[in-house]
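Numbering (my numbering), first residue to last: 7 to 285. Built from N, CA and C at the ideal position, the CB exists for glycine as well. As the structure is a computational prediction, the values presented were derived from the model and not from experiment. Everything on this sheet refers to the single structure shown next.
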Ligand SMILES: NC(=O)c1ccc[n+]([C@@H]2O[C@H](COP(=O)([O-])OP(=O)(O)OC[C@H]3O[C@@H](n4cnc5c(N)ncnc54)[C@H](OP(=O)(O)O)[C@@H]3O)[C@@H](O)[C@H]2O)c1
């Protein structure tokens, strides 16, 4: 989709973290935006912050795990903006802890939010795009979807699922005028689910910025790119090691501090759980 000015985007996870930064980048291209998340007050603030751009914005509270809520989100977006040209599946949750300390309900919640949410929302938006023979779907995966991290296995499973789902859907929609892309950020600084830990990422992986992730979203739409990894680390080395044998890559990560990093975070989170906060 080359010319984005005047197009309409539906962006999930618009209330905080990467969402507002992606919204700013979309607005910078002259794209009208429907912002979705559960927190209405936060959404309204993000919409207000976009008021300097000459675009239309609407904040629509919605729960990505609830199909009726998603149906309402789509209806409200179309009622307000007219069409949905771009869908950015950005909402997601992570919980770092030992797998055995997650309740089955917690596991279901992560899968419903990260995997089922984007899949169902896309299924509901797709007929509108197919009718118009035009559209682009961008989904936020993670570097964790390329190589599962310890203490974050459920998150990794959902993010890996999104990468292969994108690959399949992209091939299926090839002749329809609809592009499908996935973005895999590594650790993102300043805002979002990693930044709240207030820790430094292991040096071998490094940290990227939210603005770089937002630029990758725009580039994926404009150039119809299937998959973009946004991370400064030695990604090519890591991909090569993984291609030779997954066990080599796992050993490499163990000796470069990635395992220790996640175990430390798991300890902190489990401490918090024992304090009564279920995350
Ligand atoms: N930050 C990173 O380092 C990083 C790295 C790789 C990938 N990612 C991916 O980037 C995306 C954005 O992450 P982030 O860092 O911005 O996370 P974040 O700061 O925790 O924000 C998550 C967003 O998702 C929304 N959300 C969560 N559960 C929802 C639900 N049930 N229904 C609707 N909205 C829901 C939240 O809004 P409400 O709570 O208001 O509903 C919020 O807007 C995620 O998919 C994440 O996996 C992030």
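C-beta atoms of residue i and residue j nearer than 9 Å
i	j	result
residue 42	residue 70	yes
residue 217	residue 94	no
residue 144	residue 187	yes
residue 235	residue 241	yes
residue 153	residue 244	yes
residue 24	residue 40	no
residue 58	residue 276	no
residue 263	residue 239	no
residue 191	residue 222	yes
residue 255	residue 266	no
residue 83	residue 61	no
residue 271	residue 102	yes
residue 22	residue 219	no
residue 50	residue 14	no
residue 224	residue 32	yes
Contact belief for residue i with residue j at Cβ below 8 Å, rounded distance in angstroms
i	j	result
residue 164	residue 116	6 Å
residue 134	residue 90	6 Å
residue 12	residue 36	6 Å
residue 168	residue 121	6 Å
residue 155	residue 162	6 Å
residue 237	residue 215	Their Cβ separation, rounded to whole angstroms, is 11 Å, which puts residue 237 and residue 215 out of contact at 8 Å.
residue 10	residue 228	7 Å
residue 160	residue 113	5 Å
Minimum C-alpha distance to residue i - residue among the options
i	options	result
residue 180	201, 199 and 140	140
residue 97	45, 146, 177 and 266	146
residue 68	56, 59 and 47	47
residue 105	157, 66, 151 and 15	157
residue 335	126, 61 and 120	There is simply no residue 335 to check, as the chain begins at 7 and stops at 285 in what is shown.
residue 182	142, 224 and 231	142
residue 131	73, 237, 101 and 229	73
residue 99	210, 18 and 8	18
residue 150	50, 268 and 49	268
residue 175	207, 14, 124 and 257	124
residue 148	274, 193, 85 and 261	193
residue 189	200, 230, 199 and 80	230
Within the stretch 228-256, note down every full beta strand (DSSP E) run reaching 3 residues or more, in order along the chain.
233-236
Entirely enclosed alpha helix (DSSP H) segments - the stretch 31-105, minimum 4 residues
46-55 and 73-87
Sequence ranges, alpha helix (DSSP H) only - wholly within the stretch 106-146, length at least 4:
110-117 and 123-138
Which runs of the alpha helix (DSSP H) fall wholly inside the stretch 150-176 and span at least 4 residues, in chain order?
none
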